[in-house]
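Some notes on the structure that comes next.
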Amino acid sequence: MTSAIEKHSDTLDAIASSIASGKAILFTGAGFSADAINIKNLPPPRAADLAKKICNLGNFDEDEDLRFAADYYLENHNKSLLIDLLRDTFTVKQTSPSQDLIMAANWRRYYTTNYDNVMELGALKSSKRLDSIDLTARPDQHSKASNLCIHINGSINSLTAESIEQGFKLSTSSYISSDNFLNSPWYYQFKRDLEISTAIVFIGYSMYDIDIQKILFNNKDLREKTYFITQPNPSAKNIFTLNKFGHVLPIGAEGFAKYIESIELNKSQAPSERSLVFFDMYTTDDGEYTIQDKDVENLIYHGEIKKNAIDYNITSAPPISAIVKRKELETILRFLEAKRHTIISSTFGNGKSILSRELMPFLQVRGFDVYSIIDHDADFTDDLEIIRETNGRSVLVIDDYHNHLELLCYIGTHKPENIFVVAMTRLHAHERLRLDLRNSGFTYQELSADHLSTEEAEEFIDIVDNIGGWGDKAGLTQGQKREFLFNDNDAQISLALLSLFNSPQIKHRIDSLMSFCSSAETQHYKDTVFAICIIEIMGLPTTNSFISEIALNDDIYEDSLRQNDSFNQLFRISSRGIASKSSLFCLSLIKHHFSSTYITTQLLKIVKKYGERDGKVREETEVFRSLVKFSFIERLLPDTNKKTAIKRYYENLKTNVRWLKSDPHFWLQYAMAHLPSKEYSKAQQYMDQSYALAKKKVNYHTNHHDTQQGRLYLLQALEPSNVLIAHDLFSKAHSLFMKIDNDIYKFRQVDKYKDFYDTCYEGLAKRYKSDFEHACKKMLKDITKLTNTESNYNGPTVIRVKDRLEAILERIASSRSVVPPQVS
0 MTSAIEKHSD TLDAIASSIA SGKAILFTGA GFSADAINIK NLPPPRAADL AKKICNLGNF
60 DEDEDLRFAA DYYLENHNKS LLIDLLRDTF TVKQTSPSQD LIMAANWRRY YTTNYDNVME
120 LGALKSSKRL DSIDLTARPD QHSKASNLCI HINGSINSLT AESIEQGFKL STSSYISSDN
180 FLNSPWYYQF KRDLEISTAI VFIGYSMYDI DIQKILFNNK DLREKTYFIT QPNPSAKNIF
240 TLNKFGHVLP IGAEGFAKYI ESIELNKSQA PSERSLVFFD MYTTDDGEYT IQDKDVENLI
300 YHGEIKKNAI DYNITSAPPI SAIVKRKELE TILRFLEAKR HTIISSTFGN GKSILSRELM
360 PFLQVRGFDV YSIIDHDADF TDDLEIIRET NGRSVLVIDD YHNHLELLCY IGTHKPENIF
420 VVAMTRLHAH ERLRLDLRNS GFTYQELSAD HLSTEEAEEF IDIVDNIGGW GDKAGLTQGQ
480 KREFLFNDND AQISLALLSL FNSPQIKHRI DSLMSFCSSA ETQHYKDTVF AICIIEIMGL
540 PTTNSFISEI ALNDDIYEDS LRQNDSFNQL FRISSRGIAS KSSLFCLSLI KHHFSSTYIT
600 TQLLKIVKKY GERDGKVREE TEVFRSLVKF SFIERLLPDT NKKTAIKRYY ENLKTNVRWL
660 KSDPHFWLQY AMAHLPSKEY SKAQQYMDQS YALAKKKVNY HTNHHDTQQG RLYLLQALEP
720 SNVLIAHDLF SKAHSLFMKI DNDIYKFRQV DKYKDFYDTC YEGLAKRYKS DFEHACKKML
780 KDITKLTNTE SNYNGPTVIR VKDRLEAILE RIASSRSVVP PQVS
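If you read the sequence shown in numbering that gives the first Met the number 0, its first letter stands for residue 0, the second for the next number, and so on.
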C-alpha cells in the first residue's frame, strides 16, 4: 500500500492542496459505504443485493434489477414494510476509521449516490454537522451552505411514504420524475460546484451509479482535476473506462485515508494560517507595456484587455493609450479619502466594468489595499474579518454589485471602520436595490459613468483612430467625429460602439465567423453562442455551468467547440467559462446575426424552463425576470418587424408559462409591448387587467403600474386626435406621478412634459396653461429635493429633466413679460 501511495504522491499532493484550501468536492458511490455497519449489524448492500432483499420481502422471484424489484413490490405490496426495510438497511450506526478520516477533511461540498448516512455519521465524529438533503430540496435555500451533503438518489433521513416514489430513486416513477438529477435544479448547482472546485474526488464510485458521461466529463479542464479512488488492483476495464474522465488512483479508501492522516489534512486550520477565499488582493504589474492594436481591438469588440496593459495605462503616460482614463477615478479617490462608500451606475454598455479595472491599479499605487471577488460562491464573512484585522486602508471593488447585495448589506449593518466599497452596477438594478441598501444602513456617494467629458471624448477618438476602427466614418474630421459622439450618440460609449458594430465591414466579419455553427452538423452550437450573449447582456456570470443551463445543452463543455477557431475569435475561453466581457458586442451579435424567429423561439424555451421550476437560485430568477420584461426583449430584437415580433412573443409567453395569466407584472409588460405601435386602447385594456390582478394581492405595490399608466396618458395626450382632452390626460398623468416616490423611473416619464409643452401648450385654455406651469414647478421642486437629499444623485436623466423643466418655466415667464404692440 505504501508503494502505491508513493507512486501517486504527486497526484495526492495536488488533491491535498485543494482539500486544505477548502476547494475540493467529495463524491461517494456505493463502494464508499462498504465498511460501515447498519443497525442490523450488516454493511449497507449494493443495488443488486438490495433488489434481492425487496424480492424476498414481497415473496416473489429474486431479481437483481432494483428498478424492477421496487416497481413490482410497490404495485403489489405494503409500502410501509418496504420503508421499514430500507430504514433498517441504510441507517448506519458505525463507520470505519477510514471513513471517519476522510469525512474529517476540509471538503467544500459533499455529493453521494448512496441512501445511507455514512457521510453524516463520519463527519459527526470530528464534530462536523452535515445537513442531508435530496433533490426535492430547494437549491436557493441551501446552495451557499458549506456543510451540505446532497443525496442524488435520495436520503434515508428524508424517506417517507411520498418520497419513496419521488425523491427516493428506487422505482421507475422516481427515476423519470421531474426531480431526476439531470433535469433538477441541483444539476446546475452540481455543475457550478465542479467549475469552482480545484479537485473532484470520487470514492467507491461505480459507472452504474450515475451516467457520468452526462455529467460533463468530456472536457479536458474537468478531467484534469477529477480523481477516482478505486480499490487496489482494479480491472483493466475499470481503469480503461475511468481514465477517460480523470485520474485513477488504485489505493483504496483506506490508503487515501492513511494519506490524509499522514499529512494531517483532518486538522483544523490555525487562525494564523487563514487565507482569503472570497476576495483576492490586487497587485499592480511593474514595468512598461507596449500597447498593440490587438489590445484595443479586443477591448472594443470583446471587452477584454490584459491586466498589465491597464496597469501601465493608469500608472504611466504611454505614448499610445488603450483605454479612456475616466474622470470618475479622481472623484472616487476624494470620496474614499473622506471615508465614504461609492456606487457607480450606468446604463447598458457604458464602460463601468472597465472603470472597475482602471480603479484597482489607480488606488493601489496610492496606498490602498484593493480587493476584488474571485469566488462568488464562497463565504465572504471570514474574508472581511481577515481584511479588517490588517488595519490597512482597504477598498473592495465590486463589479455588478447586484450579484452581491448580501455583501453590501452586511457591510452596511456591521460598518467595519477600515473597509470601504466601490460598487458598480447597471442603473436599473441600482434603482431596484436602492431601498435594500438604505434599510441595511449602507450609505454612499453616487456617480454616473454614462457620459464622456470633452477630454474623454477626444481620447476615445484617438484610440479608435489608431486602430482604423471608424469604418465608413474614417473620412470625418476631428470635429465631425466629436459631433458624432456628442450629438448622434449623446456622449455615450455604448451608442458610439453600437454604431461602429453596425458598420458593413464588421457585420461581414462576424457573419464569416458565425458560419461555424450554420451547418446541419454544428447548428446546435448556435444555441451556446446565443446563451453566452444573453447572459452577458443581462450582466450575469458567464460560467460554463450557467451557459449550459441557458443553452439547454452541455455543448460548452465539449472540446470540439472550445477548440473551434471561429468560436475562439468570438469569445475568450477560461477554465470556468467565457472571460470576455462585452455586453455591447453580444447585443450587436444577437441583433444583427440572429433572426427574430430564432430569438423569440429560444427565449420562450428558456422562460418555460424557469417558469415551471421552484427553488431557482438568484441568477436563474434574474433570467426569468428579464425574459418577461418588455425593455429587455425590445433591446434584443432586430428592427425589422420588431413590433410584431414583440407582441407575438408576449402572446406565446402566457401560453408557455400559464400562471403568468394571473400575474399583474406580466400584464403590465404586455401593455408596454403595445406602446411602440401606438395601440393605446389595447395597452389600456391590459393595464386595467394588471391593476385588477394587483388589487387581489396583499401588499402589492403599484408604483411601476402608476408610472407606466402615467406614461400612457401622456402619449395619448400628444396624439392630434386627442387635442380636446389633452389637458385632462396630462392632469391624470401628473396626479399619478405626484403619488410616486422620486426616482429615475418617475422622472424618465416627466421628461415628456417638454413634448407636451411643445405640442399642446399653446392650444390650452388660460387656466389649463396655469395648471401646467404649476405642475412643472412641483416636479422641479421634487427633482431639487432628490438631488439635495440623496447621495450625490446626479444621474444624466435627472439632470436632463431638471434642465428641461427650468427651460419650460423660463419660456412661460418670458412669454408673460412680452408687451403687446400698441395700436396707433
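All C-beta atoms, glycine included, are put in the ideal place defined by N, C-alpha and C.
- Non-local beta-carbon contacts of T541 in its own chain, meaning distances under 7 Å to residues more than five positions away in sequence, involve I531, I534, E535, G576, I577 in chain order.
- Shown here for L335: same chain residues with a beta carbon closer than 6 Å to its own, the five before and five after excluded, namely F419 in chain order.
- In this chain, the alpha helix (DSSP H) harbouring S439 covers 426–439.
- The alpha-carbon separation between Q522 and S157 amounts to approximately 43 Å.
- Taking the CA atoms as reference points, I304 sits about 26 Å from R191.
- About 6 Å separates the beta carbons of A672 and K646, which is inside the 8 Å limit, making them a contact pair.
- Per DSSP, A23 is one residue of the beta strand (DSSP E) stretching across 23–27.
- L100 and D740 have their C-alpha atoms roughly 59 Å apart.
- For the segment 315–395, the full-length beta strand (DSSP E) segments reaching 3 residues or more read 340–345, 368–372 along the chain.
- Rounded to whole angstroms, the gap between the alpha carbons of I385 and S393 is 11 Å.
- Of all C-beta pairs linking the segment 554–562 to the segment 606–614, fewer than three are shorter than 8 Å, placing the two stretches out of contact.
- Per the Cβ contact rule, the segment 67–80 is not in contact with the segment 96–113 (fewer than 3 Cβ pairs under 8 Å).
- The continuous stretches of alpha helix (DSSP H) do not include K39, and DSSP gives it neither H nor E.
- Cβ neighbours of D742 within its own chain (closer than 7 Å, five residues either side excluded): E430.
- Assignment of L539 by DSSP, reduced to helix, strand and coil, places it in the coil class.
- The segment 455–470 and the segment 285–298 touch, with no fewer than 3 CB-CB distances between them shorter than 8 Å.
- Counting along the chain, the unbroken beta strand (DSSP E) around D133 starts and ends at 130–133.
- Counting only runs of 4+ residues, the alpha helix (DSSP H) found wholly inside the segment 630–689 occupies 641–655, 663–671, in chain order.
- With contact defined as three or more Cβ pairs closer than 8 Å, the segment 104–117 and the segment 144–154 are in contact.
- Close CB contacts of Q688 within its chain, under the 6 Å cut and outside five residues either way in sequence, are with W666 (chain order).
- DSSP links L147 through a beta bridge to D130.
- Taking I572 as the centre and dropping the five residues before and after it, the same chain places the C-beta of R561 closer than 6 Å to its C-beta, in chain order.
- When the Cα atoms are used, K696 and D662 turn out to be separated by approximately 10 Å.
- Taking a C-beta distance under 8 Å as the contact criterion, A68 and I53 qualify as a contact pair.
- A straight-line Cα-Cα distance of about 5 Å links S344 and R425.
- DSSP places T197 in no beta strand (DSSP E); its state is neither H nor E.
- In this structure, D399 sits away from F277, with a CB-CB distance that is not shorter than 8 Å.
- Pairing A256 with A519, the inter-Cα distance amounts to about 50 Å.
- Taken atom to atom, the span from the alpha-carbon of E445 to that of T341 is near 6 Å.
- Judged by DSSP in its simplified three-state form, R108 adopts strand.
- Per DSSP, reduced to three states, the secondary structure at T225 is strand.
- By the CB criterion at 8 Å, Y226 and I199 fall inside the cutoff.
- Of the residues K224, S16, V247, A19, the one whose Cα lies closest to the Cα of K6 is V247.
- Around the beta carbon of A252, 16 or more other beta carbons lie within 10 angstroms, which makes this residue buried.
- Annotation for V463: the continuous alpha helix (DSSP H) segment containing it runs 453–465.
- DSSP places H450 outside any alpha helix (DSSP H), giving it a letter other than H or E.
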